[in-house]
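See structure below.
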C-alpha cells in the first residue's frame, strides 16, 4: 500500500490527479464519492451519471461539493472538467466518451445497462473499475477480452469481497503456499428472502430493499464467488457450494474440508454462515515443503495439511481509490477473469413459477442465484441469473428448480444477450 500512497501523493503534489467518472449514485456510490472527494489525494471525481439527476447531485452535496453543473453533451462535460468543475448527467455514455476521463467506476449493480456503458468506455480507452459483481459474473470474461484488445484495465475493486479474497490469494501464493479454498463468511443465507422481508433492514440503513434481498438470498454472494472462481480457475464442489453453518472461528475450517478431495479438485470457492471473524473472507492453503510445515506449526498455524488465512472485514468504498491507482499507475488488476469462465450463477425458482409470468429482478420475489460449474451450465443450457430479468416463463417451474434457456423467452434487443452469445461462442471452443 505504500507504493499506492506515494504514487497518489506525488500526483497530488504535481497537480495531475487521476480523473474518475462514476456511473451510479446509490448507497455505495454516495459513500465512494465521499471517499474520493474528501479522503483520497491524487484523484478527482469529475463526473457522476445517474438516471435520477437529484441522486447524482446528492452524491456531491453529501461530500460537501456545491458547484455542480448539469451537462448533456460530451463537449459540455469536457469543458466542465477542463475548468475544474464537477458535472452530473443522466447520460452515462458521456462519461464513457469524454476524452479527459481516465477511469470509469461502475457501481450500479445493473447488467444490461452497465454492459453497454462499460463496452463504450473500453472502446474509448478508459480503465474500468467495477463494483458490480452481477455484470462481472455474467459477461466479465468477454469484457476482459475487449479490454485487453484496447490496452486498458478491467477489474473489480479492493474492499469488496472478491477483491479482498484475491488480495489474500496473491498474498498466500507469494509466500509459497497453494490456495485450495477461497471462502466468503456470511451472517445470513436464506434463498427465500424477498424485498418484503428485508424492507425494515433496508430502511434502517438507507438501502434498497431488493438490493438487500439479493444479499440475504445468496445471489450477490454467489456472484462474488463466481468472480473469484473465474479469476483463479477454481470451481465449486457442488451446485450452490457447501455453505456450511459454522459458529466457530474460520481457523477451525482446516479440519472441516477433505484435504485429499481438495487436492483432486485443485481449488474451490465456498462460503460459511455464522463464523468469526465476520464479515470477512478466508483462504485455506497447503504447502509441500516439510521444512515450511514445521515452521508454520511453530508460527501457531497448526500441523497442517491445511493452513488458515483470513481477512476479518471488507471495507468496500474505503478501498476503491487503491483499485483506481493500481489500474492507472501500476497496470494492476485487483480481480479480473483469467480466461474462460469456470463458475456461473444460475437462476433458481424462489417459488413455483407459472407459464406466462415475467421474471422480476435479482433480489426480487421469483428467482435467486446459485453457483454452478460452467461446464454443467453449458451442457444443461442453464439460465444465468444475470440474464433472467424480464424473461417470460414458457412452462411451469417448481420452487428450487434451476431454470434453463428452454424454460423462458429472452427479451428482445438486449445488449447483454449479444455479449453473452459472443462470450459463449468464444469460450465454448
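In our numbering, the protein residues as written are 9 to 437. C-beta atoms are modelled at their ideal positions from N, C-alpha and C, and glycine is treated no differently.
Considering only their Cβ atoms, is the gap separating residue j from residue i smaller than 8 Å?
i: residue 319; j: residue 287; result: no
i: residue 240; j: residue 177; result: yes
i: residue 102; j: residue 126; result: no
i: residue 197; j: residue 221; result: no
i: residue 141; j: residue 235; result: yes
i: residue 149; j: residue 435; result: yes
i: residue 166; j: residue 327; result: yes
i: residue 113; j: residue 137; result: yes
i: residue 33; j: residue 58; result: yes
i: residue 55; j: residue 119; result: no
i: residue 185; j: residue 315; result: yes
i: residue 227; j: residue 369; result: no
i: residue 267; j: residue 193; result: no
i: residue 210; j: residue 204; result: no
i: residue 52; j: residue 31; result: no
i: residue 70; j: residue 42; result: yes
i: residue 253; j: residue 281; result: yes
i: residue 293; j: residue 188; result: yes
i: residue 139; j: residue 36; result: yes
i: residue 402; j: residue 384; result: no
i: residue 175; j: residue 350; result: no
i: residue 354; j: residue 380; result: yes
If you draw a straight line from the C-alpha of residue i to the C-alpha of residue j, how long is it?
i: residue 337; j: residue 26; result: 9 Å
i: residue 427; j: residue 256; result: 43 Å
i: residue 39; j: residue 67; result: 8 Å
i: residue 22; j: residue 339; result: 20 Å
i: residue 347; j: residue 74; result: 44 Å
i: residue 364; j: residue 358; result: 16 Å
i: residue 243; j: residue 275; result: 7 Å
i: residue 501; j: residue 100; result: Limits of the chain in this structure are 9 at one end and 437 at the other, which puts residue 501 out of reach.
i: residue 201; j: residue 391; result: 21 Å
i: residue 356; j: residue 246; result: 15 Å
i: residue 65; j: residue 144; result: 27 Å
i: residue 341; j: residue 269; result: 30 Å
i: residue 405; j: residue 63; result: 38 Å
i: residue 285; j: residue 44; result: 28 Å
i: residue 374; j: residue 91; result: 48 Å
i: residue 422; j: residue 389; result: 19 Å
i: residue 335; j: residue 12; result: 11 Å
i: residue 329; j: residue 111; result: 11 Å
i: residue 98; j: residue 85; result: 12 Å
For residue i, count the other beta carbons within 10 Å of its own beta carbon; 16 or more makes it buried, fewer makes it exposed. Which is it?
i: residue 299; result: exposed
i: residue 190; result: buried
i: residue 302; result: exposed
i: residue 89; result: buried
i: residue 17; result: exposed
i: residue 463; result: Outside the modelled stretch of the chain, which goes from 9 to 437, sits residue 463, for which no answer is possible.
i: residue 230; result: buried
i: residue 372; result: buried
i: residue 305; result: exposed
i: residue 311; result: exposed
i: residue 414; result: exposed
Any beta carbon from chain B within less than 8 Å of residue i's own beta carbon?
i: residue 254; result: Considering every chain present, this structure includes no chain B. It has just one protein chain.
Any chance the CB of residue i is under 7 Å from a heavy atom of the ligand MG?
i: residue 372; result: Among the components of this structure there are no ligands whatsoever, and the ligand MG is therefore not found.
Inset, instruction - Tell me the start and end of each unbroken beta strand (DSSP E) in the stretch 239-308 that is at least 3 residues and wholly inside, in chain order. - result: 276-281 and 289-294
Legend entry - the stretch 46-55 / the stretch 132-146 touching (three or more Cβ pairs under 8 Å): no
Inset, instruction - Kindly provide the ranges of any alpha helix (DSSP H) runs that are 4 or more residues long and lie completely inside the stretch 87-151, ordered along the chain. - result: 100-105 and 120-131
Legend entry - contact_flag[the stretch 157-166, the stretch 393-405] where n(CB pairs < 8 Å) is 3 or more: no
Legend entry - Complete beta strand (DSSP E) runs within the stretch 156-208 (minimum length 3 residues, chain order): 162-164 and 186-194
Legend entry - Runs of beta strand (DSSP E) wholly within the stretch 334-382 (minimum 3 residues, chain order): 351-357 and 375-381
Legend entry - Continuous alpha helix (DSSP H) assignments of at least 4 residues falling wholly in the stretch 38-90: 61-70 and 82-90
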